[in-house]
Structure formats: C-alpha cells, structure tokens
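All letters in the sequence shown, in the order written, are residues 1 to 832 by the working numbering.
Since the structure comes first, as structure tokens, the remarks are kept for the end.
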Amino acid sequence: MRPKLQGGLGPLLLVPVVMALAACTGIADRSAPSSSSSSSSSSSSSSISLQDSPSRTGYQAEIRRTAMGVPHIKADDWAGAGYGYGYAQAQDDLCTMADGFLTYRGERSEFFGAEARLPAASTIGRPTNIDSDFFHRQVIGAEVVDAMARAQPPAIQRMVEGFAAGYNRYLRDLKSGAAGSAHAACRNEAWVRPVSATDIYRRMYATNLAAGYSNFLSNIANAAPPAAGVSSNGAHGAQLQPLALQVGGTAGVGSNVIGFGTAATGDASPLLFGNPHWYWRGPDRFYQAQLTIPGRLDVSGTSFLGVPVILIGFNNDVAWSHTVSAARRFGIYQLQLAPGDATSYMRDGTAVKMRPSTITVKVKGADGTVTQLTRTLYASEYGPLVNLGAIDPALAWSRNTAFAIRDINAGNFRTFRTWLRWAQAKSLDELIAAQREEAAIPWVNTVAVGRGSAKAWYADIGAVPNVSPEQAANCTTPAGKAMAAVLPRVPVFDGSRSACDWQSDADSVQKGAVGPSRMPSLLREDYVANMNDSYWLANPKAPLKGYPAIFGPAGSDAQTFRTRLGHLIAQGAGKGATVNAVERITLDSRAYTAELFKGPALDMVCGVPRIEVKGDAQTGEAFSPPRGVDTASACAVLKAWNNTGAATARGAHVWDEFWARASRLPADRLYAVPFDAADPIGTPRGLKPSAADELRQAFGAAVLRVQASGYALDAPRGETLFVTRNGRRIPLSGGCDTQGYFTVMCSENRLDKGGYAMDENPNGNSYMQIVRFPAAGVEAHTFLTFSLSDDPASPHHADYTRAYSAGKWLRMPFSEAEIKADAGYSSLTIRE
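Structure (structure tokens):
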C-alpha cells in the first residue's frame, strides 16, 4: 500500500458548499460532494440505490459467528447492519477501539500525559500524545466532521449511527456484567466511554489522510510563527518527528495483489489474491466480517477498526483488494509572507490573512493533576501550516517564508460511498464504472475481478493532485528543488501565484484532481498485479506509460525484489492459477534475493576462512580493534539452506542479517548487471567481484549479530520469527521486503534483542483472501493473520494466528446455508 489535499478552499471552509443529499437516490450529487468538486463529472450509470429509512422499531441485528469467530451480521436495514457491526467489533477489540477514539478526539494527553507516545504504530506513526491531540483537533475539527457527515448517502449515515449505538450497547453490557470478564485491560478505565456518530465520522475521515496530513502530524501540530522575528524551527519547544512517510514512503507499509484472468485460471472464473501488509496492532488493524441486508447488501471482507463499511472484500459477483499506490496525494506550498506580518501571505499581490485556530488540550501531569495547554495553529487556503524544520532549519517558519501542506483527500468525502457501491456491484463493469465516476479511492491501487468477466482489472484511479509539467517547471521553488531528494514527486510550489494552483481536467470529479481518463488502468485475461512499485508494470507484457509524473516512475527505476518475485509467481501459475496453487505459492516464503545472489555471495565470502570485521554498516558501529569471525559454520548453514523463510527452514536469519547490510551498498557498486528497463523483471542481477571486501564485512557483521542473539546459526525460522499469544510463541514464516520475501512478515525487533518478534509494532500479511466465482455461489479462502480479538481472554485472540502458522486457509462461508452449516456456528440477536 504508499502517499494526498483539496483545491481552492481549506477544509474549514467546506461546510457551506456541501450539497444536500439527493433523497430520490440516497446518494449525494457525485459531481459536487464538496467545495473541491468539479461540475463536469458524469452522472451515475449505476442502478444501485443506497436509500434507506430509519428503523421504526429501533436497532436490531443478528450476529452469527463461524470458525475463528468471524461475525456474519444480518439485519433488515442499514442502521441494523451498523448496529451489529459496532457491537461485534467492540466485543472483540474494545480496548484498541476506545484508545483509537481518544486519539481522533484529541484527548490522549488528558488521560496518559503529554509526552507519552501512542501505544501502537498506525498511519500516523507513534507521535507524542500532545502532538497527536493538537493535530487531530485542528485537521478533524467540528466543521470538517459536519461536512463529512452531510456528504454521505443516507445508507452510510444510518450505518454510522447504528455502529455507534452497537458499540455503546456492548459497552453497557460489559459495564453491567452481562459480558463476563472480557477486556480486563481497559473495562474499568475512565477513558473507555460511549461514542457518538461524530466519533465514527472522525475515525472515517482520518482514514483519508493516511498518505498526506498523517505523515506530517508533528510538523503540523508544531507549526507556529516566529517569535520576535526568529525562525521557528522548534515550535512549542518540541522535538519534531523525523520525516518518514508512514504510508507512501519507500520503507512504508505495503501489500501484494494479483488478479488472474481466465487465461491463467484455465476455467470460466477469474481469481483474486489479495494480501495487504498492514499493522498487526492499533486502530488501523483490520477486522473481518460479513454484512447482510437481504435484497440490498451482502458483502464479506475487512475494514479498519471503527469503520462501518467494508474496504477490501467480495460479494456474490465481484472481489477487490488494494495496495498502497506510488502516486503522491499531497503537495507543499511555499508562502511568501506579507511584510511585517508572519501570519499573512501574499497571493497575486494581495495579502491574505491565515485562519487561526486556538486549541486548548487538557494534560494530565505526573502527579495526576490536569492542567490545560493552548496552542494557536494556522491554516491557509491550501491547508494547514506545516513546520519543515525537521528536514532543514532553513525550511522553518521565518519572518519571510512559511509552508502549507495541501492534501487532496482533505476534501474527498466520496471514499466510503465508493466502497459501498462496490459492495453492491453486480459485475466487474459496474465496479469499474463506480471507480471512474467517483475517482475517490484515497491512496491505494485497486485490483478486482468479477463473475462472468474473463479479465482482471488494475487501476490507480482515485484522488490525485493535478499538476502539469509546465507548473512543475515554473512553480517549483528553490526550496522545492532542494526537497526533491526527501520528497520525490511531491509538488512544492510557489503559493504566491494563483497560476500555481492545482488544475482541473474536463472530467475531474474534484477540483484540483486528475481526471479519470488520465489515470492508469489495465484489463488483462492473463493477470494484473501490484506489489507497491508504480503502475508501470501492472503486467510486464503491457507496460503502462505516459501518465502524469505524480503517479510514479515508468521505466526509470528498478523494481523491488518483492515486485519481481510477485510477477514471477503470477507468470509461473500459467494456466494453473487454481485456489490450491495460489494458496501454496503465496505462502511458500521464497527469499528472492537468496535465489539471485546467494551463490555468488558465498563464493566471495566463504573463500576466506576468517574475516576481520571493522564495523557494522547497519548500526554505524566501528570495531577497534577489529573482531575476527570464522566463516566456515555460517557458510555451511547457508549452503544447506533452502532459500525460504518457511518456519522449518534453517539459516534464513543468517541470510537476512547479511543482506540487510549488503543491500546498503549503492547499486552501481553492488550489482554486476544494472537495472535495464527492457528487462525489468530480470535486472539488476549478479554481484560485482569488486564488492567482495565490502560483502565480507557485511557477512562478518551479520554473523556477529547472530552470535550476539544467542540463536544458533542453523536455528529454524519459526524459532527466530514468531508472535507471542498468552505467553506462548507461535512460529511464523516469511520475512521482510528488503530480502525479497513475497510472504511478508516483518518485525521491527532486532534479532539480538529477543528475536524477530511480531509482538510490538510489526507489519506484514494481515487480511488475506483468495476469491473465485464458480457457477454456484462464491469460493473464498481467507486469513486474518493476527486473529480477530485484542483481548487475551478471548478464544479468538490466537486461533486464526495458529491456523496461519500451520498454513491452513479458512474456507469462508458466504451463503446462508454455508454460514448455518459451519461447525463453529453460533447466533446472537441484539435489540435496542
């Protein structure tokens, strides 16, 4: 999965221009859901109606659970579906959800203090509570939430209301003792409290910002004008978070997806393999469910906690999944400040006053007393002011210059409407039409297949800033050119000229966004795929070129090893892309860098019996005197290793430690055959003999790391890579993207600090689905790798994880008959 603002007006000015909902269809006018829309959008060709009336008898839902605890929510109306879904999510993940709602409300400091960091990584990273609070209070203020709510069709409005009611109903059951002793970690905490529909809208809106504002949380929360004429590169006395694009960066979270057409499956049905590499903990973790309203909705899949709409999934006729896109979803505007006024900026020769927001946050001190902290944060017509002093002190807010960030998705309220339309789509053509009409997918690529269609669909069609090559040449400031190395393909434009505003095409659905006709897409009968490189090689037989540069490179950059292996896997399926074959090949944990480079690397490093290691390039340590390492044992282990990260494979950790260091060498010093756009899947390859000394140093440092860890050189992968549930380790397979694993299971933990534990803030395989459409019904096989519940007392805290460890895909029941016939079937009806 990779990075997003709106045009013209900032988010705080959206309310007056949100269109009234169209009562006859239940959908707001797609051509103008917000101030950032263009009137040129085509009208809907879909027959879908999302209309609904409020339940006359209150909320009611039936929650049927099947194997692994997966809930199948059945209700008579939209509010009931939301009610059941909110109850089920709270039943399984109350503590994580309650903590997340605190985050989006901007109330963390009141309960946990200002300087503590968020307990789990997410699309906002792990900022301090105080920065998180000010950020969310500013960018998801009351006006934005109101605009978000008013822009939704009635169906989503009812689902949101029901979801909040269902969450609150479970909370009442828990507090009354009706839910037993669940959620002991948080059930009695003051911060676990009822939510409103507003809380749900905040959470939904935050989803939009993952590849834009969210990457600059502390920079936005600490943007302040200079005091006494001094540049403010450390506003509010805070230490700015180092710039790292959590979603959309080169080292950010990602995913694999392959859509096989019938030329690859060899029968009448296409097949989808979807495999997001996502957070295992925190508010952005996935939750799996099925939502059914007879005659109106029947969809199975996953959403983030706190979100009532399925984001990745399938129904009886279509299936889709996402990967983070390489397209940039945001831009930076450099503001020329008005003389003598650091909170006004010039635009076409006229001074424009910034919009101040004075925000007060409650802060719990070390002694338990609660005080208040106030900051005044500012917004321009482009978006909030942002302190870029973490990149370079010269980029801080000064007497003459400031910077604002513009996120295309700040004014994009169409996202959840799109996913709900997909949930009801009756064909691949209908899904594609909805994607083009809404152009709303916020920061991900899409791959989809449909019943009766021989082809699989790839598209990076969503909300993307519309900047022309002429603007890039004429509007990029000197500071923008300097920032290109750390923010590649991000437009950093002169904010003093309206000529540098993002543009609109004839078919733009949103002001300042690229029109759907200029966004990349591909339909193929063999396959389409994406593994987080750009749109260019959705299928290497039909490279996509000629799209705006902001979508990513096309032919200029080497593909990641995971991308290369993914295409080889897809091509190797031939006409045998059956469910069984795809289940096997997507979990066999091949380490592609080992397949390519292990032989020549060992020839170089094993020819010397002992290496005098001068330092560790990964940590920057220098060893004085050098440390001697004998190579024989490690070389013997790697020669015997089967080049996979399978749980039983011995020696994978030795290779991982070696390649983590070897890959730090510049490509022109490391590879014998450089990247060639004419052979993107086959290059780079080979190792340069001249790199032998550096590779030996990398090998020696890797062996030292293994020795320091206490793990044997030939330890099985499942001993070094694991997750702990209720005090017991569950062995895992896979590895990190750097080493070219397609089966991603990437721990942030060092081997010598307790092994590659997936217990803190890892990312990797999460909700996985393989879906096809036989003549009768749907065949779906799934995993939720980290299991459904965050509660150690739940029977569904580890069961799915153990199944994943054993490679036992779950055949997901979908029809009423399948659900009721499931061996784990249970039913609970709840009413309000």
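Here a beta-carbon is modelled for each residue, glycine too, at the ideal position from N, C-alpha and C.
The structure presented is a predicted model; accordingly, all values stated were derived computationally and were not measured.
- Here Pro442 is buried. Its C-beta has 16 or more other C-beta atoms within 10 Å.
- Annotated as distal: Ile124 and Val160, with beta-carbon spacing of 8 Å or more.
- In the displayed model, Pro716 falls within a strand according to three-state DSSP.
- CA-to-CA, the gap between Ala499 and Asn409 works out to about 21 Å.
- DSSP, reduced to helix, strand and coil, places Pro153 outside both helices and strands of the structure shown, so it counts as coil.
- For Arg729, the pairing in a beta bridge is given by DSSP as Thr724.
- Here Gly261 really is in contact with Ala456; their C-beta atoms are around 5 Å apart, less than 8 Å.
- Of the residues Arg203, Asp77, Asp133, Ala165, the one whose Cα lies closest to the Cα of Met97 is Arg203.
- Judged by pairs of C-beta atoms under 8 Å, the segment 414-429 touches the segment 446-461, as three or more such pairs exist.
- Considered as a whole, the segment 382-445 harbours 401-407 as its complete beta strand (DSSP E) runs of no fewer than 3 residues, in chain order.
- Taken through DSSP and simplified to helix, strand or coil, Asp131 comes out as helix.
- If you look at Met812, you'll find it isn't in any beta strand (DSSP E); DSSP assigns it neither H nor E.
- The three-state secondary structure of Met97, taken from DSSP, is helix.
- In this structure, the alpha-carbon of Pro762 lies about 21 Å from that of Gly306.
- In this chain, the beta strand (DSSP E) harbouring Asp630 covers 621-630.
- Assignment of beta strand (DSSP E) within the segment 323-381, counting only whole runs of 3 or more residues, yields 330-338, 341-347, 350-353, 355-364, 370-379 in chain order.
- Contact check for Ala440 and Thr418: beta-carbon distance about 5 Å, within the 8 Å limit, so the pair qualifies.
- When DSSP reads this structure, Gln288 sits in a beta bridge with Thr302.
- DSSP places Phe111 in the uninterrupted alpha helix (DSSP H) bounded by 108-112.
- As computed with DSSP, Gly615 is found in a beta bridge with Ala622.
- In the three-state scheme derived from DSSP, where H, G and I count as helix and E and B as strand, Phe273 is classed as strand.
- According to the DSSP secondary-structure assignment, Ala61 is paired through a beta bridge with Ile830.
- About 18 Å separates the CB atoms of Gly480 and Val464; that is not less than 8 Å, and the two are not in contact.
- Between the beta-carbon of Ala423 and that of Leu271 there is about 20 Å, and that puts the pair past the 8 Å contact cut.
- Apart from the 5 residues on each side of it in sequence, Leu732 sits with its Cβ closer than 7 Å to the Cβ of Ala647, Gly718, Leu721, Phe722, Val723, Met745, Met758, Ser805 in its chain, given in chain order.
- DSSP, read as helix, strand or coil, puts Arg590 in strand.
- CA-CA distance, Ser508 to Ala182, rounds to 49 Å.
- If you look at Gly566, you'll find it in the alpha helix (DSSP H) that goes 561-572.
- If you compare the alpha carbons of Gly700, Ala691, Ala640 with that of Ala622, the shortest gap goes to Gly700.
- In this structure, the straight-line span from the alpha carbon of Ala649 to that of Lys598 is close to 15 Å.
- No Cβ-Cβ contact shorter than 8 Å links Ile730 with Ala803.
- Look at Glu779 here: in three-state DSSP terms it is strand.
- Judged by beta-carbon spacing, Val629 lies within the 8 Å limit of Val703, meaning their Cβ atoms are closer than that value.
- The alpha carbon of Glu595 has as its nearest neighbour, out of Asp656, Gly620, Pro225, Ala558, the alpha carbon of Asp656.
- Closest in C-alpha terms to Ala61, from the list Glu115, Phe163, Phe135, comes Phe163.
- Gln89 carries a helical assignment under DSSP once its states are collapsed to helix, strand and coil.
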